[in-house]
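Undergrad: Below are the structure tokens for one structure; questions will follow.
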Amino acid sequence: MRKNRQFAWRKRGTRTMPGAVDRVRAHVLEENGRDDVVRVGLNHGVFTDLYHTALTASWWRFFWGSLLLYIVVNLFFGELYFRMPGGIANTRPGMFSDCFFFSVQTLSTVGYGLMAPVGPVANTIVSVEVLVGMMFNALGTGLVFARFSRPRARILFSRRAVLGREEGVPILEVRIANCRRSLILAMDIEVTLALLARDEAGRLMRQFIPLKLVQSHAPILRFVFHAAHVIDENSPLHGRALTQLEEGDAEIIVTVAGTDEITAQGVFARTAYSFEHIAHHHRFAGMVSHREDGHVVVDYARFHDVEPLESIV
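Numbering (full-length UniProt numbering), first residue to last: 1 to 313.
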């Protein structure tokens, strides 16, 4: 029998037939940190959702943003002190640096006894800055703690999904691994087919069709797990032509949820596989072996490796 060509998905940048024109795919999830979906009509400013921005920013951006805010606040109060000649005792006339470093000492509630406010106006500004400094310290401490304590699942997904055969039946498979020594408890896995389609009114919309797994729940995840979907007559992928999936920008979305046994907090992970990330007529290379001393060896260096099937009926 000839090979089933319905799922021979092509790589990005290749053409399936003469005269075919490639087009940019709109991925459901961001790919390598790059979002190819343009959102309009929404305010995406940093201050629109400042807390979420502070939690999700990289550590370098968080550090430099905090440092910039710290300098700006001190420059602001230092300028106020500088515009009050005689308002701060023991400052050198015309030296903005003295006013700036007095602001630094006041904001951090550290006073060395040399410079001090003089008069009701200066004392009022100092009182306001002390309050701002207390809030700055509290918010900074809370954000750093929230960033450190936010649960992160070190779950590794295979770079490619594979489409092969098992006992003569087409099967779609994804490999998942736990990169921590601790266990992930009560792990649930969902695999979904995402398609672009038009409704009766001609409006473009996303369809999410769940794909039934051979095993969608595991009591623990210690090393490696294979999420497999059998493409039988009950599968949403059964009978779908390649052109249908291409026109619908089909993607396979995989989500994993569980509980970290150390922190007892919920952990989540997700990924998506588009056409170019699915290997047709392949299987995952073996990565688990036994040594002579009875130990089990899990070779994570082979985690992403796939190998072609030697024969497909």
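Built from N, CA and C at the ideal position, the CB exists for glycine as well.
Since the structure is predicted, the reported quantities are computational estimates derived from the model, not experimental observations.
Does the stretch 119 to 137 come close enough to the stretch 226 to 239 to have 3 or more Cβ pairs within less than 8 Å?
TA: no
Undergrad: Secondary structure at Pro120, three-state DSSP: helix, strand or coil?
TA: Along the sequence shown, one-based indexing puts residue 120 at 120. Helix.
Undergrad: Taking 6 Å as the limit between beta carbons, can you name the residues of its chain near Arg154, skipping five residues before and five after?
TA: Your numbering for residue 154 matches position 154 in the sequence shown. Excluding positions up to five away in sequence, the list reads Cys179, Arg180.
Undergrad: Look up Asp49 in the DSSP assignment and say whether it is helix, strand or coil.
TA: By 1-based counting over the sequence shown, the position of residue 49 is 49. In this structure, Asp49 counts as helix in the three-state DSSP scheme.
Undergrad: In whole angstroms, give me the CA-to-CA distance for Gly164 and Arg222.
TA: Taking the first residue of the sequence shown as 1, we reach residue 164 at position 164. Taking the first residue of the sequence shown as 1, we reach residue 222 at position 222. The straight-line gap from Cα to Cα measures roughly 25 Å.
Undergrad: Starting from Ser108 and walking both ways along the alpha helix (DSSP H), at which residues does that stretch end?
TA: Within the sequence shown, numbered from 1, the residue matching residue 108 stands at position 108. Note, Ser108: premise wrong, no alpha helix (DSSP H); not H, not E.
Undergrad: At which residues does the alpha helix (DSSP H) containing Ile171 begin and terminate?
TA: Locating residue 171 in the sequence shown gives position 171, counting from the first residue. Premise fails: Ile171 lies in the beta strand (DSSP E), 169 to 178, not in any alpha helix (DSSP H).
Undergrad: If we call anything under 8 Å between Cβ atoms a contact, is Val254 one with His282?
TA: Translated into positions along the sequence shown, residue 254 becomes position 254. Translated into positions along the sequence shown, residue 282 becomes position 282. No, they are not a contact pair.
Undergrad: So what does DSSP say about Ile262, is it helix, strand or coil?
TA: Along the sequence shown, one-based indexing puts residue 262 at 262. Three-state result, Ile262: coil.
Undergrad: Report the rounded CA-to-CA distance for Gly111 versus Phe82, giving the unit in angstroms.
TA: Counted from its first residue, the sequence shown places residue 111 at position 111. Counted from its first residue, the sequence shown places residue 82 at position 82. The straight-line gap from Cα to Cα measures roughly 18 Å.
Undergrad: Just checking my contact of Val128 with Ala89 at CB under 8 Å: how many whole Å lie between their CB atoms?
TA: Here residue 128 is taken as the residue at index 128 of the sequence shown, counted from 1. Here residue 89 is taken as the residue at index 89 of the sequence shown, counted from 1. That pair is no contact at about 19 Å.
Undergrad: Give me whichever residues DSSP pairs with His280 in a beta bridge.
TA: In the sequence shown, the residue the question calls residue 280 occupies position 280. In DSSP, His280 forms a bridge with Leu163.
Undergrad: Go ahead and label Asp299 buried or exposed: buried means 16 or more other beta carbons lie within 10 angstroms of its beta carbon, across all protein chains shown.
TA: Taking the first residue of the sequence shown as 1, we reach residue 299 at position 299. Under this definition Asp299 is an exposed residue.
Undergrad: Locate the alpha helix (DSSP H) running through Val214, then write down its first and last residues.
TA: Here the question's residue 214 lines up with position 214 in the sequence shown. Element bounds for Val214: n/a, residue is neither H nor E.
Undergrad: May I ask you to report which of helix, strand or coil DSSP gives Tyr273?
TA: The sequence position of residue 273 within the sequence shown is 273, counting from 1. Note: Tyr273 maps to strand in three-state DSSP.
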